[in-house]
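Here is the structure we will look at.
Number of protein chains: 2
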Amino acid sequence: MPSIKEVAQLANVSPATVSLVLNGKGNISPETRQRVMDVVHKLGYTRNVRARNLRDQQSRVIGYARANTRPEYNPILEQFTYYLVREIEKQDRHLLLFTSPDDSDVAPYADMIDGQHVDGFVLSYTVKNDVRFKFLHEANVPFVAFGRSLSPMDELVHWVDVDGRAGMFDATNHLIQKGHERIAIIAWDEESASGQEREEGYLLALQQAGITPRPDFTNRKLNGVENGYLGASQLMSLPNPPTAIVCVSDMIAAGVLRWSVMNHIQLGVVGFDDHPISQFTHPSLSSVRQPVERVAIRIAQLLAKQLDGEDVDGVCELIPPELVVRESSV
Amino acid sequence: MPSIKEVAQLANVSPATVSLVLNGKGNISPETRQRVMDVVHKLGYTRNVRARNLRDQQSRVIGYARANTRPEYNPILEQFTYYLVREIEKQDRHLLLFTSPDDSDVAPYADMIDGQHVDGFVLSYTVKNDVRFKFLHEANVPFVAFGRSLSPMDELVHWVDVDGRAGMFDATNHLIQKGHERIAIIAWDEESASGQEREEGYLLALQQAGITPRPDFTNRKLNGVENGYLGASQLMSLPNPPTAIVCVSDMIAAGVLRWSVMNHIQLGVVGFDDHPISQFTHPSLSSVRQPVERVAIRIAQLLAKQLDGEDVDGVCELIPPELVVRESSV
DNA sequence: TTGTACGCGTTATCAG
DNA sequence: CTGATAACGCGTACAA
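Protein chains in written order, with this note's numbering: chain A, 20 to 349; chain B, 20 to 349.
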């Protein structure tokens with residue numbers, strides 16, 4: 020692996036000159052420039068990124084944690100990660116994956132900072148009062164979150180989120196338009212920031228249609244197909260049961276669908292995420308599609324701004340999702 | 020961020036001494052050692068990993084590419100990535116994600132090597148005669164592949180794979196035991212190494228049962244639920260159509276299931292991967308479960324061996340998968 | 001254009 | 001036997 024010194028020797032110039040040529044800086048005569056470039060090509064020289072980063076006191080690496088508390092898999096985050104990497108590479112940065120035993124554990128983040136492995140972070144799976152927001156903000160480490168903490172910290176930090184309230188409002192409203200009046204929801208536990216948003220959209224749509232929400236129509240479950248099945252069976256054994264169910268995720272919705280097919284009871288169902296399999300469940304599942312690519316791109320851009328020192332505090336963006344209507348809600 | 024120099028000054032020793040203490044090397048008196056450690060703790064000093072890596076000529080980072088030619092998502096690889104990161108962290112290494120326009124494009128790999136971002140690679144989505152094998156082997160860069168190339172290169176490099184032949188043999192044999200005689204397969208294109216293995220298992224099981232394979236019973240599709248649907252409709256319009264279909268992936272199998280439900284035709288179906296949704300399709304899907312965690316752990320270990328210089332050439336491992344029987348094949 | 005110092009930790013060499 | 005000095009890895013910025 021040739022170094023800048025070898026190039027300098029062969030080109031009869033100083034290492035400094037080579038550096039300037041490589042970076043298009045300084046006043047270098049065309050001949051010298053040419054001579055240097057020739058040697059660079061002949062040797063197949065490529066700059067040692069690590070040396071440069073050491074000097075610049077940066078790593079040009081972004082950290083992104085995968086929590087292991089959620090073995091259920093998440094196609095949204097998988098896509099998100101892909102788009103994120105792609106956008107970050109445009110900035111000549113890279114994405115480093117690390118694990119976190121728990122989303123509310125800041126220790127792995129501290130380790131990454133102390134080891135100076137990363138210049139900043141992307142967070143996902145945010146929860147209410149997410150401790151990472153406070154920790155990273157106080158540590159003065161750049162980061163952008165996919166999702167909010169629904170706390171005052173949201174004013175101070177950078178986040179991009181899908182407007183779950185609008186999405187669930189649309190979903191619920193769509194069912195109302197189809198004639199449903201008894202609409203239930205299967206939501207996550209109250210700790211989930213995104214879950215809470217989606218619930219609010221549901222309630223809002225009911226209110227606007229003059230329907231009084233029934234407390235027993237809110238069923239809380241962890242994510243998962245089996246939990247959707249369970250939730251549906253619980254909701255449908257209520258007196259005066261719902262005729263339609265909105266779900267905070269397609270996994271849950273798939274379980275609801277499964278229950279309705281098994282029990283031969285027609286049910287309006289709308290999910291959330293537009294999971295790849297939604298178009299092929301039976302019946303196919305109406306869902307709220309998250310604009311994952313847009314989110315990833317914006318996050319990468321906001322992070323780059325911070326990293327490049329253009330910081331303005333508290334930039335945030337809410338991106339509206341899109342309702343995709345299929346057989347489960349016609 | 021305190022440096023080793025500051026620690027040295029406060030402890031009244033030289034930076035070298037601090038380094039020796041930190042690494043438990045050299046002959047340092049207990050008092051000096053204690054004095055240094057006290058200052059280290061007082062300052063909250065952590066070693067600058069980048070400086071160390073520059074000196075050691077390594078990055079302690081493993082590269083892993085995500086190809087963007089396959090927007091369909093893959094829960095197996097998502098899990099795989101997670102387990103991989105976890106195991107690699109035990110080695111004080113990290114996983115760097117990068118994108119590749121195409122699995123058979125080595126340019127992104129070359130870039131990562133030239134930039135000295137990584138010490139080695141993990142490959143997945145291997146294809147027949149995978150060009151990356153040859154390239155990385157010749158470049159003398161350590162790597163371990165999840166999957167083979169079904170070429171002579173397989174003898175020279177390191178790979179770990181799930182025994183798709185055994186898995187598909189079991190799946191097919193299971194259907195034969197259930198009384199099926201006309202069993203078709205929906206496979207991938209012939210470029211896919213893992214796809215070919217699985218086909219062989221299918222053929223093997225038929226042969227062993229004395230069933231002559233029908234060429235028109237092999238249907239090739241790209242992965243995806245919609246393609247499974249299409250494949251099923253094509254196979255089922257053949258004269259003397261199959262009574263059962265094995266599929267190289269659960270995505271494809273889900274499409275087959277969908278077709279069979281829509282057309283009210285009972286069909287034995289077995290998929291491959293044990294996708295999380297398989298237990299909740301209607302009917303639930305029998306599938307071949309990949310031991311992803313074991314694969315990831317072995318890959319990380321084999322890579323570590325190479326990186327630590329214990330190289331032995333051509334270590335490879337075939338790990339048997341497990342058939343999970345559900346409603347679609349009873 | 002170039003010499004030189006610097007970023008930071010490690011290790012071989014050398015002095016006490 | 002203990003610990004300091006200096007060179008090294010490599011690229012970049014500033015003064016000359």
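For each residue, glycine too, the CB sits at the ideal point set by N, CA and C.
Since the model is a prediction, treat every value here as computed from it, not as a measurement.
What's the C-alpha gap between residue i and residue j?
| i | j | result |
| --- | --- | --- |
| R66 of chain A | G328 of chain A | 24 Å |
| R54 of chain A | V32 of chain A | 9 Å |
| A190 of chain B | S119 of chain A | 37 Å |
| C429 of chain B | L142 of chain A | This structure gives no information on residue 429 of chain B, because the portion of chain B shown stretches from 20 to 349. |
| N159 of chain B | V150 of chain B | 14 Å |
| G290 of chain B | R345 of chain A | 25 Å |
| V349 of chain A | V146 of chain B | 43 Å |
| D138 of chain A | I132 of chain B | 21 Å |
| R167 of chain A | N148 of chain A | 9 Å |
| H60 of chain A | K24 of chain A | 15 Å |
| N46 of chain A | M20 of chain A | 28 Å |
| A272 of chain B | Q253 of chain B | 14 Å |
| V125 of chain B | S213 of chain B | 20 Å |
| L286 of chain B | S297 of chain A | 22 Å |
| E218 of chain B | I204 of chain B | 8 Å |
| P101 of chain A | L257 of chain A | Reading off the sequence, residue 101 of chain A comes out as Tyr, not Pro. Each residue's alpha carbon lies about 43 Å from the other. |
| M255 of chain A | L321 of chain B | 52 Å |
| R325 of chain B | L73 of chain B | Before going on, a small fix: residue 325 of chain B reads as Gln here, not Arg. If you take the alpha carbons of Q325 of chain B and L73 of chain B, they lie about 20 Å apart. |
| N317 of chain B | P339 of chain B | Contrary to the premise, residue 317 of chain B reads as Arg rather than Asn in this sequence. Between R317 of chain B and P339 of chain B, the C-alpha separation is close to 14 Å. |
Can you name the start and end residues of the beta strand (DSSP E) that residue i belongs to?
| i | result |
| --- | --- |
| T100 of chain B | Taken as a continuous stretch (DSSP letters only), T100 of chain B belongs to no beta strand (DSSP E), being part of the alpha helix (DSSP H) at 94–109. |
| L116 of chain B | 113–119 |
| I338 of chain A | 335–338 |
| V307 of chain A | 305–308 |
| L342 of chain A | 341–343 |
For residue i, count neighbouring Cβ atoms within 10 angstroms of its own Cβ and tell me buried if that reaches 16, exposed if not.
| i | result |
| --- | --- |
| V331 of chain A | exposed |
| A315 of chain A | buried |
| A30 of chain A | buried |
| E157 of chain A | exposed |
| T300 of chain B | buried |
| L241 of chain A | exposed |
| N282 of chain A | exposed |
| G43 of chain B | exposed |
| P234 of chain A | exposed |
| E210 of chain B | exposed |
| E341 of chain B | exposed |
| A35 of chain B | exposed |
| G250 of chain B | buried |
| G63 of chain B | exposed |
| N259 of chain B | exposed |
For the alpha helix (DSSP H) containing residue i, list its first residue and its last residue.
| i | result |
| --- | --- |
| L169 of chain B | Element bounds for L169 of chain B: n/a, residue is neither H nor E. |
| A27 of chain A | 23–30 |
| D180 of chain B | Careful: D180 of chain B lies outside any alpha helix (DSSP H), inside the beta strand (DSSP E) at 177–181. |
| G287 of chain A | Counting along the chain, G287 of chain A falls outside any alpha helix (DSSP H), though it belongs to the beta strand (DSSP E) covering 287–292. |
| T145 of chain A | Counting along the chain, T145 of chain A falls outside any alpha helix (DSSP H), and DSSP gives it neither H nor E. |
| R74 of chain A | 68–75 |
For residue i and residue j, which I take to be in contact (beta-carbon distance under 8 Å), what is that distance rounded to the nearest angstrom?
| i | j | result |
| --- | --- | --- |
| G1 of chain A | G243 of chain A | Because chain A spans 20 through 349 in this model, residue 1 of chain A falls outside it and cannot be assessed. |
| A86 of chain A | Y144 of chain A | 6 Å |
| P49 of chain B | Y92 of chain A | Going by Cβ atoms, the distance from P49 of chain B to Y92 of chain A rounds to 52 Å, so no, they are not a contact pair. |
| H177 of chain A | V334 of chain A | 5 Å |
| V68 of chain B | Q76 of chain A | No, V68 of chain B and Q76 of chain A are not in contact; Cβ-Cβ is about 13 Å, not under 8 Å. |
Looking at C-alpha atoms only, which residue of the options is the closest neighbour of residue i?
| i | options | result |
| --- | --- | --- |
| H199 of chain B | B:V349, B:A164, B:T262 | B:T262 |
| V104 of chain A | B:L116, B:L337, B:E106 | B:L116 |
| L175 of chain A | A:S347, A:H193, A:K153, A:L223 | A:K153 |
| S170 of chain B | B:G82, B:P49, B:Q215 | B:Q215 |
| D269 of chain B | B:S256, B:L254, B:W207 | B:W207 |
| E108 of chain A | A:A319, A:V146, A:S38 | A:A319 |
| Q196 of chain B | B:I230, B:G166, B:A164 | B:I230 |
| F140 of chain A | A:S78, A:F188, A:N192 | A:S78 |
| R313 of chain B | B:R74, B:Q98, B:Q28 | B:Q98 |
| I264 of chain A | A:A27, A:D111, A:R201 | A:R201 |
| V163 of chain A | A:D111, A:R217, A:G82, A:L257 | A:G82 |
| V307 of chain A | A:L321, A:H136, A:L73, A:M187 | A:M187 |
| N192 of chain B | B:A84, B:P94, B:L225 | B:L225 |
| N246 of chain B | B:L276, B:P258, B:P232, B:L257 | B:L276 |
| Y248 of chain B | B:P232, B:V288, B:A228 | B:V288 |
| A323 of chain A | A:D122, A:L223, A:G274, A:H113 | A:H113 |
Any heavy atom of the ligand ZN closer than 7 Å to the beta-carbon of residue i?
| i | result |
| --- | --- |
| Q325 of chain B | Among the components of this structure there are no ligands whatsoever, and the ligand ZN is therefore not found. |
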